Each structure stands twice: as structure tokens, then as C-alpha cells.
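Asker: This is the structure, below, for whatever I ask next.
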Amino acid sequence: MASSVKIISEEKIKPSSPTPETQKHLKFSFLDQLALPVYVPVLLFYAPGGDHNQTSKSHRLKASLSKALAQYYPFAGRVQDNNVSIHCNDEGAIYVEAQVNCRLSNVLNQLNVDSLNQFLPFSVASSDSAKGCILLVQTTSFQCGGITIGLLMSHKITDASSISSFINTWTTIAVAGDDSNATISQLPLPEFIGDSVLQPPQDFQVATPTSDTGIHAKGVTKRLVFEGSKITALKAKAASARVEQPTRVEAVAGLIWKCAIAASKSTSGVSKASVLGQAVNLRKRLEPILSDTSIGNLLGFITPETKAGAAEIELQEVVGLLREEIAEFKKSGYKKYQDTEAYLEFFKTMTDPDGPYSSNKNFYLCSSWSRFGFYETDFGWGCPVWFIGGLSMFSNFFLLMDTRDGRGIEALVTLSEQDMAVFQSDEHLLAFASFNPDVIQVADSKGSSTVCEGKSTSEVAVGSDVQVPSV
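Residue 239 in UniProt numbering sits at position 239 of the sequence shown, and the numbers go up by one each step.
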């Protein structure tokens, strides 16, 4: 896409009501402290809905964001320099409005993943005015009336579940309009648990992967789409006596990991041990069980590992490793996150010369954003025609997301340039995935974007399949 985005305005959106003095400081849990000081991106693309008035859309978004921030008050605060807390001072979220002189279809049907950052407020995030900011938003209007909503959310206080909860509250308030106060009273309140459940151990140092593992190196990101029918076939291929019914995520993550291992072996000539760090939601595992609206980095990790010197690894084998690690985590592995001594022992194994981050091993990181409902985010003009999140700044990273129909999986894979060249030509991968297909097919006749289930608005019409008119 040759067109460039032009910033029109920048302001701060403050909570609609002040935060009580008793809630002015939120201490980080130890998992929040371990989280990297980076922003997690989310991009939502909307076709023209019934309301083509960008001024009206802007007012709706900002007014509802202000009310949502009153519920999610730490998101309007600032991270303290000591990295142990948020000052909930109501300074506000940064809100940027922009325009681009092209149609939505020019972006989505000629998709360049590397160009998507211009729809996110990264330039503002690096300014002094945004120091310690938790939430930044950028809306970008297209010539056709379409709009993107891009969010940058601090990883110090949010994971994918936290982001989904916040966006769901924001959209619910936006759709309610004048009735939003009554709607807010019925919404589940977010729970900022901070260090009340996951207290930081004393005198520990944060360990992150070294550059030798490849995860901090500069990489190349490619987009893959696994259609629902292909996933059905992939799950059948991944099934074995060890795992009779693989999940979608197990099958797709297993295939990507298998092909990444093969690519590394091909380019380096060495068959290293390989570790896959797979994020696991802790909310239903901790004691007491936490609600889905608990906010923070509530993620554990499993670390299945293949042996060095192995011949070609079969898909059934890596899926079996994933399932065994998950089973162990569900049985007792989660307990170390609430037991200081157990966690410190676990932490030592992570930093051990033979641990997952060892330079003698290839470390890959996988995160699944499946089933978080991002395609149901209706601000009043229908569901998004496309969603993408977590654009990676790291190599050896896989992000899995739902496709719009809910049956497939869209993956962002970041590898070194050398490994990616081999990876994207792997016949095992190409049998099930397509690289960077068009996001939408533009309809010649008039249609409408679909309304999200569970939300109502008079501005758009219900449709089963997204037929995007004149985008």
C-alpha cells in the first residue's frame, strides 16, 4: 500500500469519573513484573456501516472510552519508574485520530504485514508525553468510510484475556449509547488483583531469553491462514494413540513448530534441541479460581522439548509432547506460580545452562488468542471484517488467532530471514496453510457487514457472510 497515514489530532481521554484515593496505586504481581516493558498491538478493521459520519463515530468512540476507563481505571494511569506499580492518576489514555487516502480494500486485498504499524500509535508511544502510558488508541478513517481501531496496551498489566475483557466493555458501552449507565451497572466488574494473589518472591532477578536463543533477534514475519477444512485434515494427521483427538491449537502449533525445527536444521546444519514455550491461561487453575475479568499477566508456560540430534520429527510426536506438558500443568504444574519456594526453584531451572533459554537450544514462543471473541467487537457499525493482534518484535514467535468464521486459524510466524526462506516452502506446511491470502473479497453488489451476536444496533443489518460494499 503506497498511501500513507496522516495524523489529524492527538488528545488524552480521561475516565468519566475520578478514581477514589484508596485505589490510586496498583502493585504488580510477580508475573506483571516479569512481563517485558512492551506494548501489545491490536488492530480491528471495520467496513463502512450505516453511519458514514466520521465525526459521529469519533464522538461515540471517545465518550464510551471515557466511561470504560472509569471501570478500568489503571489503564488511564502510568507505570511507575520502579516497575512495581501503576499510579492510577487518571492522566488518561492517549487517543490519536488519523486519515489515509485509500480504500479499505487497498489494504486488505494487497496485505503487507509490515505496513500495518502505521495504523497503530507507535510514533506517539515513543514520545516523552506517553512515558509510562498503559493504553494508546489510534483510529484511522478510509476514503470509503471504513475505519481501523488500533490499540497499544502495556504488557506490564495485560494479557490477551485482559485486552479482550476491556474491549468487550468498551464496545458494550458504545452500542448502549444514551443507555450506557444502565448497561454499565450490569457489566461484570474487572478485578485488578495485582500482588494480592501472585506476590513477588524476595530478591529475584528477571531472566529473559538471551540473543543466542534467537528470540530477541530481528526476524521476518509472515501471515498464514489454515482454513477450517484444512484443520480438520491436519487434526486427523496429528492424531495418534498418545493424542486421539488433538485440538485445533495443538495441531496448528505442532505443525508450525515441526516446520520451524526443520528450517533451523536446514540452514544451520545442526539439529539442536528445541523448546516451545506455550502460554497457558492461569485464571481457572489458581486457588482460588479467578474470574475471566481478572486483569493482569495471568499466564503460565509449558515448555515441551525435542532432543538434539534427532532425525526428522513427526507431527504426531510434537503434538504428543504438547499434550503431555499440558496434562502435567493441569495436574500440578500451575502450583509453582502461587508457591514462592516452588517458583524460585522453577526459576532456577529456567536460567540454568541446560534450561529452556540455553544457547544450545532453539527456543520458540507460541501464544494463542483463539476463542477470545475479537470478531464480536461491535462499536455500533457491525463486526470487524478483519482482526490482527500481537505483531511481533521478536524472532522465533508464533501467534495463533481465529479466522472470521471461527473455524480456521490465522497465524503470524516470525523467524530469522534464513529460516523463513526454508519454512515458507515446506511442503508439509503448504499442504494445510496458505501464505497471506486476501482478507476480504469485495462484492460487486450492495451488502452489509455482519452484526455481532449478543449486541444490537439499528445502524447495520444482519448478514451471515460478510459482503463488504464499496470498501
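Cβ coordinates follow ideal geometry from the N, Cα and C atoms, glycine included. Keep in mind the model is a prediction, meaning the values are calculated, not measured.
#1: Checking the sheet assignment: what are the DSSP bridge partners for residue 87?
#2: Should the region 382–394 be called in touch with the region 112–126, which here means at least 3 C-beta pairs below 8 angstroms?
#3: Under the rule that 16 or more other beta-carbon atoms within 10 Å means buried, what is residue 382, buried or exposed?
#4: With a CB to CB cut of under 6 angstroms and the five nearest residues on each side skipped, what residues in its chain are close to residue 150?
#5: Inspect the CB distances between the region 46–66 and the region 402–418 and report whether three or more fall short of 8 angstroms.
#6: Using 8 angstroms as the threshold, is the C-beta distance between residue 88 and residue 19 below it?
#7: Run through DSSP, which three-state label would residue 385 get?
#8: Tell me which same chain residues have a C-beta within less than 7 angstroms of the C-beta of residue 163, skipping the five on either side of it?
#9: Less than 8 angstroms between the beta carbons of residue 31 and residue 297, yes or no?
#10: Does DSSP put residue 164 in a helix, a strand or coil?
#11: Just curious, the beta strand (DSSP E) that residue 148 is in, first and last residue?
#12: Please name the residue in 385, 22, 238 whose C-alpha comes closest to that of residue 322.
#13: With DSSP as the reference, label residue 314 as helix, strand or coil.
#14: How long is the line joining the alpha carbons of residue 273 and residue 304, rounded to whole angstroms?
#15: Nearest to residue 73 by alpha carbon, out of 292, 16, 199?
#16: According to DSSP, is residue 294 part of a helix, a strand, or is it coil?
#17: Quick one: what's residue 366 bridged to in DSSP?
#18: Compute the distance between the beta-carbons of residue 196 and residue 279, then report whether it is under 8 angstroms.
#19: Got a sec? Which residues, its chain only, sit under 6 angstroms from residue 167 by beta carbon, not counting five neighbours each side?
#20: In whole angstroms, what separates the C-alpha of residue 414 from that of residue 178?
#21: Would residue 400 and residue 249 qualify as a contact pair, given that the criterion is a beta-carbon distance under 8 angstroms?
#22: What does a CB cutoff of less than 6 angstroms around residue 325 pick up in its chain, not counting 5 residues either side in sequence?
#23: Can you have a look at residue 289 and say buried or exposed, based on whether 16 or more other CB atoms are within 10 angstroms of its CB?
#24: Below 7 angstroms CB to CB, which residues in the same chain sit around residue 8 once its five sequence neighbours on both sides are set aside?
#25: Quick check: what's the CA-CA separation for residue 189 versus residue 294?
#26: Write down every uninterrupted run of the beta strand (DSSP E) in the region 82–132 whose length is 3 residues or greater and which is fully enclosed by it, in chain order.
#27: With a cut-off of 8 angstroms, does the C-beta of residue 333 fall near any C-beta of chain C?
#28: If residue 69 sits next to residue 157, beta carbons under 8 angstroms apart, how far is it from one beta carbon to the other, in whole angstroms?
#29: Grouping DSSP H, G and I as helix and E and B as strand, with all else coil, what is residue 324?
#30: Are the Cβ atoms of residue 370 and residue 281 separated by less than 8 angstroms?
#31: Measure the alpha-carbon distance for residue 313 versus residue 258 and round it to whole angstroms.
#32: Measure from the alpha carbon of residue 107 to the alpha carbon of each residue in 81, 46, 283, 82, then state which is nearest.
#33: Going by the CB atoms, is the gap between residue 435 and residue 418 shorter than 8 angstroms?
#34: Rounding to the nearest angstrom, what Cα-Cα distance links residue 223 and residue 412 in this structure?
#35: Taking buried to mean at least 16 other C-beta atoms within 10 Å of its own C-beta, is residue 209 buried or exposed?
#36: Under 7 angstroms Cβ to Cβ from residue 384, same chain only, skipping five residues before and after it: list those, please.
Answerer: Let me lay it out:
#1: 25, 78
#2: yes
#3: Classification for residue 382: buried.
#4: Counting only Cβ-Cβ distances below 6 angstroms, and skipping sequence neighbours, we find 43, 119, 120, 138.
#5: no
#6: yes
#7: coil
#8: 40, 42, 153
#9: yes
#10: DSSP places residue 164 in the helix class (H, G or I) of the three-state scheme.
#11: Unbroken beta strand (DSSP E) run through residue 148: 147–154.
#12: 238
#13: coil
#14: 11 angstroms
#15: 16
#16: Correct three-state label for residue 294: strand.
#17: 278, 398
#18: no
#19: 377.
#20: 44 angstroms
#21: yes
#22: 302, 304
#23: exposed
#24: 97, 98, 99
#25: In a straight line, the C-alpha of residue 189 is about 9 angstroms away from that of residue 294.
#26: 85–87, 93–100
#27: Judged by its chain identifiers, the structure shown contains no chain C, having just a single protein chain.
#28: Not quite, the Cβ-Cβ distance comes to about 13 angstroms (not below 8 angstroms), so this is no contact.
#29: helix
#30: Taking 8 angstroms as the Cβ cut-off, residue 370 and residue 281 do not qualify as a contacting pair.
#31: 7 angstroms
#32: 46
#33: No, these two residues do not count as a Cβ contact at 8 angstroms.
#34: For residue 223 and residue 412, the distance between alpha carbons rounds to 5 angstroms.
#35: Residue placement at residue 209 cannot be trusted, given a pLDDT of 48 that sits under 50; the coordinates are not used to answer.
#36: So the list reads 44, 45, 46, 375, 377, once near-sequence residues are dropped.
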